[in-house]
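Heads up: the structure comes next, in C-alpha cells.
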Amino acid sequence: MRRLRPYFKYFRTVRGPIVAAIFYALLFGATSGVALPSLIKYVFPPIFDRTNGALPLGTIALIAGAIPLAFLLRAISGYLNSYYTQLAGVRILEAIRLDYFRKLQVLPLSFLQSKSSGDLLSRGLADTSQLQFTLTLLANDGVKQPMQLLGALGFLMWQAFTQQGVLMVLITLGAVPLTVFPVRYVGRKVMKRAARMQAQLGDVTSHFSENLSAAREVRAFGLEERETSRFASACRELVTSQMKIAKYAQALTPAIEVLSAVGIAGTLIFAYGRGVQLETFISVILALYMCYEPIKKVGALNNELKRGAAALDRIEVVLHEPVTIADPAQPVAVGRLRGDVAFEAVSFAYKQNEPVLRDVSAAIPAGTVCALVGPSGAGKTTFANLVPRFYEVASGRVTIDGHDVRALRLGDLRRNIAVVSQDPVLFNDTIYANLQLGRADASRAEVEQAARDAFAHDFIQKLPHGYDTIVGERGALVSGGQKQRIALARAFLRKAPILILDEATSALDSDSEAAIQLALKKLVVGKTVFIIAHRFSTIRDATKILVFDHGRIAATGTHAELFEANPLYRSLYERQQMSAV
Ligand SMILES: Nc1ncnc2c1ncn2[C@@H]1O[C@H](COP(=O)(O)OP(=O)(O)O)[C@@H](O)[C@H]1O
Ligand SMILES: [Mg+2]
Numbered sequence: 230m231r232r233l234r235p236y237f238k239y240f241r242t243v244r245g246p247i248v249a250a251i252f253y254a255l256l257f258g259a260t261s262g263v264a265l266p267s268l269i270k271y272v273f274p275p276i277f278d279r280t281n282g283a284l285p286l287g288t289i290a291l292i293a294g295a296i297p298l299a300f301l302l303r304a305i306s307g308y309l310n311s312y313y314t315q316l317a318g319v320r321i322l323e324a325i326r327l328d329y330f331r332k333l334q335v336l337p338l339s340f341l342q343s344k345s346s347g348d349l350l351s352r353g354l355a356d357t358s359q360l361q362f363t364l365t366l367l368a369n370d371g372v373k374q375p376m377q378l379l380g381a382l383g384f385l386m387w388q389a390f391t392q393q394g395v396l397m398v399l400i401t402l403g404a405v406p407l408t409v410f411p412v413r414y415v416g417r418k419v420m421k422r423a424a425r426m427q428a429q430l431g432d433v434t435s436h437f438s439e440n441l442s443a444a445r446e447v448r449a450f451g452l453e454e455r456e457t458s459r460f461a462s463a464c465r466e467l468v469t470s471q472m473k474i475a476k477y478a479q480a481l482t483p484a485i486e487v488l489s490a491v492g493i494a495g496t497l498i499f500a501y502g503r504g505v506q507l508e509t510f511i512s513v514i515l516a517l518y519m520c521y522e523p524i525k526k527v528g529a530l531n532n533e534l535k536r537g538a539a540a541l542d543r544i545e546v547v548l549h550e551p552v553t554i555a556d557p558a559q560p561v562a563v564g565r566l567r568g569d570v571a572f573e574a575v576s577f578a579y580k581q582n583e584p585v586l587r588d589v590s591a592a593i594p595a596g597t598v599c600a601l602v603g604p605s606g607a608g609k610t611t612f613a614n615l616v617p618r619f620y621e622v623a624s625g626r627v628t629i630d631g632h633d634v635r636a637l638r639l640g641d642l643r644r645n646i647a648v649v650s651q652d653p654v655l656f657n658d659t660i661y662a663n664l665q666l667g668r669a670d671a672s673r674a675e676v677e678q679a680a681r682d683a684f685a686h687d688f689i690q691k692l693p694h695g696y697d698t699i700v701g702e703r704g705a706l707v708s709g710g711q712k713q714r715i716a717l718a719r720a721f722l723r724k725a726p727i728l729i730l731d732e733a734t735s736a737l738d739s740d741s742e743a744a745i746q747l748a749l750k751k752l753v754v755g756k757t758v759f760i761i762a763h764r765f766s767t768i769r770d771a772t773k774i775l776v777f778d779h780g781r782i783a784a785t786g787t788h789a790e791l792f793e794a795n796p797l798y799r800s801l802y803e804r805q806q807m808s809a810v
C-alpha cells in the first residue's frame, strides 16, 4: 500500500468517477451486510408466525417483494460501482502509459540502447496494465469489501448485544482474525514470484519483437526452428512462474472458507446451548458469511497489491531514470547558428573504462566540408553524434559558435542540425509526410525541391501513388537506396546550418552517388558539413579531412596533404582504389 502512495496522484485526475464508485460501494456494503440479514431476522418470522392467524395476501406479497428489491439495490449499486471503477481504471492506465511514453522520448539514447526494445515495450504495456488492474481493484474492493464487512460486523454486534449477550459474537468472530494468517502468508509468497513473472513476460515480448524485426535473417539462415524453440522455452518459463503464483493465490479462498466453516460450526454449538431461535441463528450465519466474503476478497486484493508493486518496480526503472541529457537551467538563447564547431579535448566512452574517443580536439569553422575517415570502429559515428548531443562527453567540451552544446536548449541545438544517420528510419506514413518531418512548415514546392536535390523526385513520381505512397514500417516497402535518398531530402529540407551525413550515400550505386555529389556541392555552400563516407570520390573534395584511428584523430589536412604525409590515409585510399577497379 505504502509502495503505491506516490501513484495516488493518478486518482486525482479521476476524482469524479472515484467518488461515484465509493458512493455505490457504500450502498453495496450496506445492502449486503445489513439489509439481507435484517430481512431474515425481522421480516420473515412474522410471516410464518401463525399464532395470530394468517396475514392478508397483500402483506405477504409486499414482504416477498422486498427480497428482489434488496437484491436489485445490491445489484445496481454493485454494477455502478464496478462501472465507475473501470472508468477510473482505464483513465489511470492512460495517464501512466502516457507518462511512461513521454519519459522514453527524453531519456538519453545510451539508456535506451542498454535495454531491449521488447523489454521496454513489455514494461510500458504489460506492467502498466497490471498496475491499472491493481489500482482499480484497490479502488473497488478496497472500499466495497471493508464496507460490507463493517455492515455485517455491525449487524452481528447488534444481535449479540440485544439477543444473546456479547459472548456469542466473540465466539463467532473468533475465527475472523485467524484468517489474517493465510492472507499474509500468501501475500508474501506472491510478492516474491510476481516480480519474476513480470520479468519473464518481458522476455517473451523481447523474443517476439526481436524475431519480427529479424524476419529476413530468420528465413535466410534457416532459424525458424531455433527461434521457435527459444520462444517456446521463454513461454514455458512464464507458465512455470504463473503457476507458482496460482499455487498460492488459489489456496487462499479454500483456506478462508474452511476457517469460516469452523466459525459457523462454533456458532451452531453455541446457539444450540443457548436455545437461540432459528431466525436469529440463520441471520447470524448469513451475516457471518457476509463477513468472510470480504475477507476473501481483501485477501485476493492483497495478492494483487503485491503484483502491482512488482509491476511498479519495473515501470519505475524507466520513470525514475535520470534524464541526463536535458535543457540547462539557464540556457543561452540562440536563433540560427553560424556553424563553427569545435571539439576541445573530448573524451567519451559508452561503457566505463572502454574509451571510444580519447582527447579529441578539432576546429571546424563554419562553411567547412569536413570528411571523417578511418577504419570501421575508429569512432567516426560517435564523433558526429556528439555534435547534436545525442551522448554526453565524459570530459572536454563540444562547442558551436563558441557555446558549449550543454549550454543550449536541446530544441535550439538540434533545430540547427540535420542528420542523415547510417541506418535512416522512415515512419510508416506517406513519403510526403516523411519528407515534411524535416521541417513542418515547408511548402509543397520546397518538399519537392528537396526531393529533386536528393535525386528522389523521379523515382517518387514513378511510384503508383507518388508522394502519397506509404513506405511501410521502418520504410520496408522502399529499397535501401530509395530510403537513403528520402532521408537525404528530409535533411536538405531542414535547411540547417550544420549537416551530418553518416554513410548517407552508402546504399547508392556510384552513378547516383556521383549525381548527389554534384547536388551536394550546391547545397553545402555556407554550411558546416560532416561527411562520413567510404568512397574517396566523396572525400577528396572535402576542405578538411579528419583521419580517425582507435578513437584519436591521427591526422588532419586536405586530401593532397594527407596522401603525402599520412600512411594510414594513404593505405585506406589505396585499398579503396584497388577494390574500385
Ligand atoms: N551504442 C553503443 N554502445 C556501445 N558501444 C558502441 C556503441 N556504438 C558504437 N560503439 C563502439 O564504439 C566504437 C566506435 O564506434 P563508431 O563510432 O560507430 O565507429 P565508426 O563509425 O568509426 O565505424 C566501436 O568500438 C563500437 O563497437
Ligand atoms: Mg559509423
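One gets this note's numbering by counting positions in the sequence shown from 1 and adding 229 to each.
Note that beta-carbon positions come from the ideal geometry of N, C-alpha and C, so glycine has one too.
Any non-hydrogen atom of ligand 2 closer than 6 Å to residue i Cβ
i	result
T734	no
K609	yes
For residue i, three-class secondary structure by DSSP
i	result
H788	helix
G537	helix
G625	strand
F759	strand
V810	Here the model assigns V810 a pLDDT of 48, short of 50, so the residue's position is not dependable, and the following value carries that caveat. Coil.
A600	strand
F450	coil
L441	helix
A595	coil
V570	strand
I554	coil
K526	helix
M687	This sequence places Asp at residue 687; Met is not what is there. It is helical.
V654	coil
Y811	Only positions 230 to 810 of the chain appear in the structure, and residue 811 is not among them; the question remains open.
N532	helix
V546	helix
H436	helix
For residue i, the residue or residues it bridges with in DSSP
i	result
L586	F577
H632	I629
L728	A647 and V758
I699	T659
L255	Partner(s): none; L255 has no beta bridge.
V561	L637
R781	D778
Closer than 6 Å: residue i CB and nearest ligand 1 heavy atom
i	result
I579	A small correction: the amino acid at residue 579 is Tyr; Ile does not occupy that position in the sequence shown. Answer for Y579: yes, Cβ within range of ligand 1.
V585	yes
S438	no
Q342	yes
S605	yes
Residue i, enclosing alpha helix (DSSP H) - first and last residue
i	result
K750	S739 to L752
G294	L286 to V335
A720	G709 to L722
P274	F273 to F277
Q506	Note, Q506: premise wrong, no alpha helix (DSSP H); not H, not E.
S766	F765 to I768
D682	R673 to D682
N614	K609 to L615
D348	S346 to S351
R234	No alpha helix (DSSP H) holds R234; DSSP gives it neither H nor E.
L268	Per DSSP, L268 belongs to no alpha helix (DSSP H) and is neither H nor E.
L338	L338 to S343
Limits of the beta strand (DSSP E) - the one that residue i falls within
i	result
K373	Not the beta strand (DSSP E): K373 falls in the alpha helix (DSSP H), residues T357 to Q388.
L775	K773 to D778
Beta carbon proximity, residue i to chain B, threshold 7 Å
i	result
G625	Any reference to chain B falls outside this structure, which holds one protein chain only.
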